[in-house]
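Here the structure is laid out as structure tokens; the discussion comes afterwards.
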Amino acid sequence: MAIHHLGNARDGQRVGHLGHAARSRLLARQGSGPRLDGQEACESRRAQHHRRPDRSQALRQPCLFPVRRRRFSDGSRRDEVHRSRAQSECTRWIWLQRPPKGPDHHRAPRTSTCSKTSSLMPSGFAIAWEAGASAQVELFSPDLDGAAADNDYRFKFSPPMRRTLRPPITGLQLGDRELGPIVDRLNKLGEALDARRQPDGTAAAPAAAGNAILAKAQEAGTLLHTLIIPSDVQMELGSDNLFLEIGIDEALLEFPWELLHDGTDFFGLTHSIGRFVNVSKATIPSQNRPEPIGIKPLSILLISVPTPQPRQTATGNLIYQTLPGAVQETDEITRAITALGSDAELDVLSGRGATWTAVAMALKSKRYHIVHYSGHAYFDNQKPMNSSLVLDDEDMATGAIKQFCKQPPVLFFINGCESGVGRGTGSAWKNRYDIFGLARAFLDTGAYLLGSRHQVGDGGAAMFAKSFYAQVLNEKPIGTAVREARRACKTAGDFVWASYVYYGDPRIRFCKVGNPRPGG
1 MAIHHLGNAR DGQRVGHLGH AARSRLLARQ GSGPRLDGQE ACESRRAQHH
51 RRPDRSQALR QPCLFPVRRR RFSDGSRRDE VHRSRAQSEC TRWIWLQRPP
101 KGPDHHRAPR TSTCSKTSSL MPSGFAIAWE AGASAQVELF SPDLDGAAAD
151 NDYRFKFSPP MRRTLRPPIT GLQLGDRELG PIVDRLNKLG EALDARRQPD
201 GTAAAPAAAG NAILAKAQEA GTLLHTLIIP SDVQMELGSD NLFLEIGIDE
251 ALLEFPWELL HDGTDFFGLT HSIGRFVNVS KATIPSQNRP EPIGIKPLSI
301 LLISVPTPQP RQTATGNLIY QTLPGAVQET DEITRAITAL GSDAELDVLS
351 GRGATWTAVA MALKSKRYHI VHYSGHAYFD NQKPMNSSLV LDDEDMATGA
401 IKQFCKQPPV LFFINGCESG VGRGTGSAWK NRYDIFGLAR AFLDTGAYLL
451 GSRHQVGDGG AAMFAKSFYA QVLNEKPIGT AVREARRACK TAGDFVWASY
501 VYYGDPRIRF CKVGNPRPGG
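Heads up: the sequence shown begins at 1 in UniProt numbering, then just goes up one per residue.
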């Protein structure tokens with residue numbers, strides 16, 4: 001139903017109260033009632049003159065306020081609308097009317113930011129948030145000042161149906177003694193994954209050790225779910241397809257929260273999950289916060305380095321293994337993006353063209369929706385700024401990437417094959433499979449990040465990327481796209497589905513707006 005301002009009472013329904021002048025005009029248009037006298041006609045013309053301009057085809061709200069005439073020093077007179085503060089806030093009338101018949105009036109009302117009906121709206125993609133049930137879980141480590149000595153770890157939950165009176169942060173009867181068995185199981189899972197790898201870095205056949213690895217992951221996930229999630233919250237999280245945000249602090253990053261298992265399935269396969277981190281110190285100066293991205297073609301920078309040039313190191317000549325899946329991944333993404341035609345822009349830096357200078361210039365010169373990297377990567381948990389991406393001619397530290405991205409993308413997708421791990425002080429699982437050391441610099445820019453937790457198989461990485469972009473380009477939320485990509489990889493029998501972690505809002509999506517394409 002279109003919404004217009006003052007119209008024929010026989011065609012619509014009145015909302016609110018009409019003043020005397022407006023009522024007189026209405027009766028005059030209907031051909032009944034008293035004729036307007038001189039004073040009333042003057043008030044009517046003044047009210048018509050000071051009516052709010054119509055700025056929308058869907059909603060018109062004329063504001064009818066008293067009019068008074070002022071005399072100025074030059075002898076001129078001017079009518080002014082006089083309204084009190086209360087009138088400004090409350091005195092407003094709206095009429096609901098059926099749209100008149102005729103070819104010029106068949107215009108659909110604007111219903112959302114993703115409407116494709118406006119002829120004036122530019123064509124492209126905008127950022128939108130998906131509606132749906134969402135929940136939030138936050139976990140806090142013990143206070144540094146020892147205030148939470150009795151309940152070392154604390155827990156906060158916001159259910160899908162938000163309460164007006166919300167409970168305080170509750171303590172968990174949980175300490176290092178209870179977490180120790182979980183860490184032990186994670187370390188054993190990591191050892192099993194390492195033992196499964198071939199000399200070239202790819203995974204062995206799924207039948208070789210896939211079932212045993214899945215059983216170890218389920219054991220660790222079930223124990224984590226039992227110890228961390230209170231029983232009443234377990235019931236709330238029992239439904240599928242929630243947008244679930246998991247908030248943790250820096251001491252809890254090593255745990256694979258996506259592997260929480262409720263006895264039926266892993267959370268990473270049933271919910272659209274996104275992580276956020278409660279950091280001890282803010283790292284994004286307010287004056288450098290990025291401006292919103294308007295409606296524009298979907299812009300993606302694709303960096304693919306399947307075979308970097310050898311490096312001279314202190315121990316000799318370092319030769320990297322070729323990643324044939326990176327070539328396949330690049331081809332799949334290119335086909336998917338080019339199918340969008342003029343609604344997308346794809347910049348590709350691959351092979352010998354993916355140099356340090358070329359990548360730096362691309363990041364500085366243009367703002368992208370997504371920056372995708374496929375190749376080798378280094379992780380340093382002790383000094384995250386020393387983590388790096390292996391480009392063709394030299395490595396690019398993540399600290400440099402942070403400096404180049406003054407206007408960061410919405411999402412960094414780092415599909416990196418782990419080439420080395422910096423020495424850490426945490427558990428073996430954390431030192432080998434925690435991605436936050438690489439992710440921190442990207443997240444410091446204000447962008448979201450999707451990346452692999454541990455050394456993924458080359459073919460599995462390409463499979464995950466293909467499934468992910470198929471969902472994103474179909475306007476699915478990022479969290480849902482990650483979940484569906486996990487499902488696709490698990491169906492194929494590859495444990496790569498458990499290796500990806502998404503830091504960001506799971507509800508955000510790229511929504512196509514503007515004129516529909518010809519024939520669409």
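Every residue, glycine too, gets a C-beta built ideally from N, C-alpha and C.
These numbers were taken from a predicted model, which means no experiment stands behind them.
Residue i - DSSP class collapsed to helix/strand/coil
i, result
"Val480", "It should be noted that the sequence gives Thr, not Val, for residue 480. Three-state result, Thr480: helix."
"Lys296", "strand"
"Gly325", "helix"
"Lys281", "coil"
"Pro506", "coil"
"Lys512", "strand"
"Thr307", "coil"
"Gln61", "Only weak support exists for where Gln61 lies, its pLDDT of 42 falling under 50; the coordinates are left without a value."
"Tyr153", "strand"
"Gln87", "Because the pLDDT at Gln87 is just 41, under 50, the model does not fix this residue reliably, and the value given afterwards should be weighed accordingly. Residue state, collapsed to three classes: helix."
"Tyr469", "helix"
"Ile273", "strand"
"Met161", "coil"
"Ile246", "strand"
"Ser141", "coil"
"Gln218", "helix"
"Ala339", "coil"
"Ala397", "strand"
"Phe255", "coil"
"Tyr500", "strand"
"Ser118", "Confidence at Ser118 is low in this model, with a pLDDT of 46, below 50, so its placement is unreliable and the value that follows should be read with caution. Three-state result, Ser118: coil."
"Trp95", "Note on Trp95: pLDDT 32, under 50, position unreliable in the model; the coordinate value appears next. Strand at Trp95."
"Pro103", "Note on Pro103: pLDDT 45, under 50, position unreliable in the model; the coordinate value appears next. Helix, per DSSP."
"His179", "This sequence places Leu at residue 179; His is not what is there. Looking at Leu179 - three-state DSSP - the assignment turns out to be helix."
"Ser56", "In this prediction, Ser56 has a pLDDT of 40, which is less than 50 and means its spatial position is unreliable; nothing more can be read from the coordinates."
"Gly459", "helix"
"Gly124", "strand"
"Arg110", "Below a pLDDT of 50, predicted positions are generally treated as unreliable, and Arg110, at 41, falls in that range; the measurement from the model is reported next regardless. Looking at Arg110 - three-state DSSP - the assignment turns out to be coil, as it is neither helix nor strand."
"Asn474", "coil"
Identity of the residue in the options nearest residue i by Cα
i, options, result
"Pro168", "Leu346, Ser158, Arg177, Asp444", "Ser158"
"Val496", "Pro142, Gly190, Leu174", "Gly190"
"Ala326", "Leu179, Phe125, Gly416", "Gly416"
"Arg162", "Arg440, Asp380, Ser134, Leu227", "Ser134"
"Gly221", "Leu269, Ile248, Met235, Asp194", "Leu269"
"Glu484", "Phe468, Leu214, Tyr378, Asp494", "Phe468"
"Leu242", "Val137, His372, Leu227", "Val137"
"Leu323", "Cys489, Thr315, Pro308, Gln312", "Pro308"
"Ala131", "Leu340, Thr480, Ile246", "Thr480"
"Lys466", "Ser374, Phe442, Phe510, Ala447", "Ser374"
"Ile508", "His225, Trp129, Phe125, Glu394", "Trp129"
"Arg440", "Glu250, Ile182, Asp152", "Glu250"
"Phe412", "Leu193, Ser299, Asp152, Gly180", "Ser299"
"Arg335", "Leu302, Thr264, Asn187", "Leu302"
"Val359", "Ile401, Asp380, Ala377, Leu340", "Ile401"
"Pro297", "Val277, Lys281, Gln321, His369", "His369"
"Arg487", "Ala212, Asp331, Gly171, Asp265", "Asp265"
"Ala354", "Ala215, Glu394, Gly459", "Glu394"
"Thr445", "Pro409, Lys512, Met235", "Pro409"
"Asp494", "Leu214, Gly504, Ala126", "Leu214"
"Phe125", "Val472, Ala362, Pro506", "Val472"
"Glu329", "Arg311, Gln312, Ser304", "Ser304"
"Thr357", "Leu391, Ile333, Leu340", "Leu391"
"Pro506", "Gly175, Pro160, Ile246", "Ile246"
Beta-bridge partners of residue i, as assigned by DSSP
i, result
"Cys417", "His376"
"Ala314", "For Ala314, which the question treats as bridged, DSSP gives no partner whatsoever."
"Leu411", "Ile370, Tyr448"
"Trp129", "Ile508"
"Leu302", "Val348, His372"
"residue 534", "Examination of residue 534 is not possible in this model, given that the chain is present from 1 through 520 alone."
"Ala135", "Leu244"
"Asp261", "It is His, not Asp, that sits at residue 261 in the sequence shown. Answer is Phe266, bridged to His261."
"Leu389", "Ala377, Met396"
Inter-residue CB distance, residue i and residue j (contact presumed, cutoff 8 Å)
i, j, result
"residue 540", "Pro256", "An answer regarding residue 540 cannot be provided, because it is not within the stretch 1 to 520 covered by the chain."
"Leu253", "His271", "Contact doesn't hold; Cβ gap of about 19 Å is too wide."
"Gly275", "Val482", "Checking the sequence shown, residue 275 turns out to be Arg, not Gly. In fact, because the Cβ distance is near 11 Å, the residues do not count as touching under 8 Å."
"Gly437", "Ser387", "5 Å"
"Leu227", "Leu260", "That belief does not hold up - the Cβ atoms of Leu227 and Leu260 are roughly 11 Å apart, past 8 Å."
"Leu346", "Thr338", "7 Å"
"Lys366", "Phe404", "Contact doesn't hold; Cβ gap of about 11 Å is too wide."
"Ala195", "Ala212", "Going by Cβ atoms, the distance from Ala195 to Ala212 rounds to 10 Å, so no, they are not a contact pair."
Any chain B beta carbon closer than 8 Å to residue i
i, result
"Asp331", "Absent from the structure: chain B. Only one protein chain is present."
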